[in-house]
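In full-length UniProt numbering, the protein residues as written are 1 to 132.
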């Protein structure tokens with residue numbers, strides 16, 4: 001065989017060290033990326049579960065004093081109380097307060113997390129909220 005053919009076969013059959021190194025780094029980056037995605041997924045699951053249990057605890061506390069409707073529940077958090085100044089339902093609201101809205105019965109509960117008390121109970125239309 002000619003030297004050229006032997007050299008060609010060696011290059012084709014025996015991988016270059018740089019190719020091995022590049023493959024190693026690709027696999028390493030893929031493992032790191034996969035681990036990061038797994039950690040973020042688990043964190044998101046734990047965070048969302050914690051939020052649900054917090055709402056459930058509040059609703060359990062409220063249900064000791066008020067009969068809660070058993071229809072579809074929508075929750076929200078007051079982010080900017082200044083946008084709600086003109087609405088009398090939110091007169092005593094603060095940022096971070098929770099809203100529990102029941103669709104069929106059209107009831108709304110405004111709960112102060114900082115005070116641990118219900119601030120206001122009313123009708124969705126009274127609060128100016130339309131869930132449709």
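Glycine included, C-beta positions come from ideal geometry on N, C-alpha and C.
Just measuring C-alpha positions, the residue of 113, 108, 129 and 120 sitting nearest residue 69 is 108. It is roughly 47 Å from the alpha-carbon of residue 105 to the alpha-carbon of residue 33. Counting only runs of at least 3 residues, the stretch 71 to 117 fully encloses the following beta strand (DSSP E) elements, listed from N- to C-terminal order: 73 to 77, 98 to 102 and 107 to 112. With the rule of 3 Cβ pairs closer than 8 Å, the stretch 52 to 69 does not count as touching the stretch 79 to 94. For residue 111 against residue 98, the beta-carbon gap comes to about 5 Å, under 8 Å, which counts as contact.
A residue is called buried once 16 or more other Cβ atoms fall within 10 Å of its Cβ, and residue 7, having fewer, is exposed.
The beta carbon of residue 128 is closer than 6 Å to those of 87 in its chain, skipping five residues each way along the sequence. Collapsing the DSSP output to three states places residue 58 in a helix. Around the beta carbon of residue 44, fewer than 16 other beta carbons lie within 10 angstroms, which makes this residue exposed. Pairing residue 93 with residue 119, the inter-Cα distance amounts to about 7 Å. The residues 78, 79, 80 and 81, in chain order, have a CB closer than 8 Å to that of residue 95 in the same chain once the five nearest residues on each side in sequence are set aside.
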